[in-house]
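Residue numbers (our numbering): 364 to 629. All C-beta atoms, glycine included, are put in the ideal place defined by N, C-alpha and C. I have placed the structure first, in the form of C-alpha cells, so that the comments after it can refer back to it.
Structure representation (C-alpha cells):
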C-alpha cells in the first residue's frame with residue numbers, strides 16, 4: 364500500500380529487523396521515520412492510511428541515541444594537546460574513527476599546556492555537524508591549566524596557572540581565544556575564580572569543576588556563580604576528601620544539580 368502523500372510529500376522509511384532502546388532495554392521492533400521524526404505506526408496506518416516508501420533491513424543492528432563524549436583528549440595516534448599545524452586533520456581522524464563506536468558528537472579536550480599550545484591549536488578547530496563522514500564537533504573543552512596542583516593527576520605541574528594576577532584577563536591571555544570553546548574545567552577554590560566563572564558563563568561557556576580540593580562553601584559559590592558541570596567525578600581522588608564532600612554536598616543546597624562526567628574504568 365503506498366503512503367498517503369496528502370499528509371506529507373516526504374518519504375516514510377521503515378527500519379526493520381532492528382533492536383531499539385526502550386526503557387533501558389534493547390527490544391526487537393520496527394522503526395518508522397519521516398523527515399527525521401519518529402512516527403507512531405498506529406496513527407500512520409489508521410489515520411493516514413499510509414505505509415513505508417523505503418524499507419531498510421537493519422540485519423539485527425541497534426538503533427539508539429548516539430553517545431556524546433564531552434571529554435576526549437585524542438585517540439588513534441592523535442593527541443589534541445600537541446602543538447602542531449595539523450590539529451584539524453587530527454580532529455577529523457578521531458571524528459571518523461569514533462563514529463562506528465556509537466559516538467556521534469564530541470568535545471576535543473586539551474589538557475593543561477603551555478600558552479603557546481592554545482594559541483596554536485584553538486584557531487584550527489572548527490565546530491561542525493556530524494554525518495556519514497564522522498562525529499560532530501560540539502566545541503572545545505579546555506581542561507586546565509587553572510586546576511589544583513594537589514589534584515593535577517597527569518597534568519604537567521609546571522604548566523599550571525592561577526588567576527591571581529589578572530582574573531579573566533589572565534585566562535584570555537593564556538588561551539588566546541574563546542571563540543569555539545564550549546567547556547572550561549577549573550578549580551573553584553582559586554582566588555578570583557568566581558568572577559572568572561561569571562565571565563565565562565556570559566560568553567556562553569559551560570564551566571566545570573574539576574581537579575579541585577574545593578570545600579563545601581567554595582563549591583557552593585562556584586555553582587552560584589554559574590558552574591554547571593563536574594569533570595570526571597571521583598576520578599584520581601581519594602574515596603573521602605574535602606573535595607568530594609564539598610562538591611557532592613553542594614548539590615544538596617543549591618537550586619539545581621550540576622551534571623557530571625565520569626571515566627568508566629574497569
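Should residue 550 and residue 571 be called a contact, given that it needs their Cβ atoms to be closer than 8 angstroms?
-> no
Can the beta-carbon of residue 596 be found less than 8 angstroms from the beta-carbon of residue 566?
-> no
Give me whichever residues DSSP pairs with residue 548 in a beta bridge.
-> 506, 571
Indicate whether residue 529 and residue 482 have their beta-carbon atoms separated by less than 8 angstroms.
-> no
Environment of residue 508 [buried if 16+ CB atoms lie within 10 Å] = buried
With a threshold of 16 other CB atoms inside 10 Å of the CB of residue 401, please say whether the residue is buried or exposed.
-> exposed
Got a sec? Which residues, its chain only, sit under 8 angstroms from residue 417 by beta carbon, not counting five neighbours each side?
-> 374, 375, 376, 377
Below 8 angstroms on the Cβ atoms is my guess for residue 569 versus residue 588; work out the distance and round it to an integer in Å.
-> The pair is not a contact, with the Cβ atoms about 13 angstroms apart (cut-off 8 angstroms).
What residues match up with residue 388 in a beta bridge as DSSP calls it?
-> 385
Tell me, which residues are paired with residue 501 by DSSP?
-> Paired residue(s): none; residue 501 is not in a bridge.
Under 6 angstroms Cβ to Cβ from residue 437, same chain only, skipping five residues before and after it: list those, please.
-> 443
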